[in-house]
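Sequence lines, in order, name chains L and X. Those letters in the first sequence? Residues 1184 to 1579, per this note's numbering, in order. Those letters in the second sequence? Residues 1139 to 1208, per this note's numbering, in order. Just so you know, even glycine gets a beta-carbon here, dropped at the ideal spot from N, CA and C. These figures come from a predicted structure and were not determined experimentally. I have placed the structure first, in the form of structure tokens, so that the comments after it can refer back to it.
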Amino acid sequence: MTQVTPAEVTGSKRRTRMALTEKQLAEPQEWWRELREAGPRAEIDGCPAFAGRELVMQVLHDTETFSSFGARETGTDARAMIPLEVDPPEHRRYRKLLDPIFAPKSIRVMEAQIRELAIGMIEPLVSRGECDFAVEVAERLPSSFLRLLGLDLNRLDEFLEIKNRILRTGEDPEEFRSRQAQAGADVYALFESVVRERAEKPTDDLVSQLLAAEIEGERLSYEEVLGICYILMLAGLDTTAAGIGSVIAFFAQHPHHRQEVLDNPGILPAAIEELLRHETIVSNITRRSTSDVELGGRRVAAGTACIVGLGSANTDPEVFDDPESVRFDRDANRHLTFGAGIHRCLGSHLARAEIRIVAEEWHARVPQYQIAESRRPVWTQGPARSLDSLPLRWAV
Amino acid sequence: MGRLKLTIDADRCAGHGRCYAVAPMLIEDDDEGHARVANAYPSQSESLLGLEAVRACPERAIELAEVEDE
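So this is what it looks like as structure tokens:
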């Protein structure tokens, strides 16, 4: 590697998300490569970006220098999302409690229920020969998990609307901030009533479990339970929908890859890992430097919002051969789509199960499909790149 | 002649779950979803899978190394 002089101290205190181009949303791999190749000059939204695999791993594992607290681009609500925006040692308390609930063993128990929900959504569509997969399946399937949070599924449309108000960036940052603040308050109001009800009359849902749980002899406060519910609802609804949409969108546009999976269903889990890598739907996350730090040939001042380029790391040629191609036969796929280190995505095993089950049930009924003529997938930006619309068509 | 031994650095494991997905006969998941060695001494035919688990770990927490017979 060539020696580089540290670039000027750059970066802002907070990240304000700028609008991405259509190409950056639909096919971001080229942009991820440019970021990686820009080295110490890589920036997103005016913040320094660490984009190679090694740099990304260093940032994610140095939680003392690169904090998860206060890195978010909004200052609209004072509460931290738990445990996403909590640093060690407190972080460990929460994960100790939450990890078993989202461990593969627990997710396996939920699979039958997820499958039933998926079939119920897919079956009515089959004879129609067309659908908007993003709206009619991908966005709605993760709702299985809202039951766990004690929410009434009959109100799903209301939850989805609030979620979109919080996460969809839009064009105008000012408008976004005020919209987000109001929607954030709506979510807390929603959970406050659930938390109060469960405190009086516990059920077997997650909110009741959280209220009853003791960590090192201490109960969680209402505030802590609310902080956990908030992130679980947003992440559970949005990223999984984005993951499901991105996988089916890819199969719709790449019939050869789809045929590989149809011919050999045993490779589906490996195919999903590869698409998780290639699509990296949450491609740039944020940390905040706690001290002046020099890394990757650049100097970053204390208190700077720093971008961690998961998409760039996942397409780093140092780690993956032919990184921008989709190959279902990669023998090792140690992608960072779910992050790395202590904040590794809590819901990763649930997300994998949901994506796999939807793909299985969809392909069992609609094996051949394509993007509807004269229409195209519409990507949208939030913490995850996700699909607002995925118009599919198939022969009936 | 030594043999291959599989070890997992529990401090590094973050629960990605890639290893027990590719090599379930060697590595199992605990109640938190973290990896635990199920069979530390893979047979010759299993050692390839062990290697795959090593390579699949995003945290580089798994090692497969030759040890002297104990």
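Query	Result
Backbone secondary structure at C1412 of chain L - three-state DSSP	helix
Touch test, the segment 1267-1282 of chain L against the segment 1314-1324 of chain L, Cβ-Cβ under 8 Å, three pairs minimum	no
Cβ-Cβ distance between A1475 of chain L and A1488 of chain L below 8 Å	A small correction: the amino acid at residue 1475 of chain L is Asp; Ala does not occupy that position in the sequence shown. Not in contact: D1475 of chain L and A1488 of chain L (Cβ atoms no closer than 8 Å).
Residue closest to T1498 of chain L, alpha-carbon to alpha-carbon, out of L:L1208, L:G1235, L:P1223, L:R1198	L:G1235
Minimum Cβ-Cβ distance from P1196 of chain X to chain L less than 8 Å	yes
Contact set for E1457 of chain L: own chain, Cβ-Cβ below 7 Å, skip 5 residues either direction	V1509, R1510, F1511, R1513, N1516
Length of the line joining the Cα atoms of G1229 of chain L and W1214 of chain L	16 Å
Alpha helix (DSSP H) segment containing A1173 of chain X, residue limits	Element bounds for A1173 of chain X: not the alpha helix (DSSP H) but the beta strand (DSSP E), 1173-1175.
8 Å contact criterion, which A1263 of chain L and G1428 of chain L should meet: CB distance rounded	With a Cβ gap of about 29 Å, A1263 of chain L and G1428 of chain L do not count as contacting.
Members of the segment 1171-1194 of chain X near chain L, C-beta cut-off 7 Å	G1171, E1190, R1193, A1194
Residues bridged to G1492 of chain L [DSSP beta-bridge criterion]	L:N1467
Chain X contact residues for A1286 of chain L, given Cβ-Cβ distances below 9 Å	G1153, G1155, D1167, D1168, D1169, E1170, G1171, H1172
Under the three-state DSSP convention, the category D1315 of chain L falls into	strand
Neighbour list for A1159 of chain X in chain L, Cβ cutoff strictly below 8 Å	P1452
Three-state secondary structure (DSSP) of A1203 of chain X	strand
Residue-chain proximity (N1497 of chain L, chain X), Cβ-Cβ < 8 Å	no
Residues bridged to T1145 of chain X (per DSSP)	X:E1201
Contacts of F1521 of chain L in chain X (Cβ-Cβ under 8 Å)	H1154
Interface residues of chain X facing N1516 of chain L [CB-CB closer than 8 Å]	R1156, A1194
Where Q1212 of chain L falls, given that 16 or more other Cβ within 10 Å makes a residue buried	buried
Given 8 Å, three or more beta-carbon pairs between the segment 1531-1541 of chain L and the segment 1297-1312 of chain L	yes
Status (buried if at least 16 other CB within 10 Å, exposed otherwise) for R1338 of chain L	exposed
Below-8 Å beta-carbon distance, G1527 of chain L vs any chain X residue	The amino acid occupying residue 1527 of chain L in the given sequence is Arg; Gly does not appear at that position. It does; some Cβ of chain X falls within 8 Å.
Cut-off 8 Å between Cβ atoms - residues of its own chain near W1591 of chain L, not counting five sequence neighbours on either side	The requested residue 1591 of chain L does not occur in the structure, where chain L is confined to residues 1184 to 1579.
P1385 of chain L at chain X interface by Cβ criterion, 8 Å	no
V1192 of chain L versus I1490 of chain L - alpha carbon distance	With a pLDDT of only 48 at V1192 of chain L, under 50, the local geometry of the prediction cannot be trusted, and no value is derived from it.
Check whether K1196 of chain L and G1492 of chain L have beta carbons under 8 Å apart	no
Within chain X, the residues that D1282 of chain L reaches when beta carbons sit closer than 7 Å	G1153, E1170, G1171
Nearest-angstrom Cβ-Cβ length linking L1186 of chain X and L1164 of chain X, presumed shorter than 8 Å	That pair is no contact at about 11 Å.
Per-residue DSSP class, three states only, for G1258 of chain L	Residue placement at G1258 of chain L cannot be trusted, given a pLDDT of 44 that sits under 50; what the coordinates show is reported in the next sentence. If DSSP states are grouped into helix, strand and coil, G1258 of chain L belongs with coil.
For E1354 of chain L, the nearest candidate out of L:M1201, L:L1573, L:V1549, L:L1451 (CA to CA)	L:M1201
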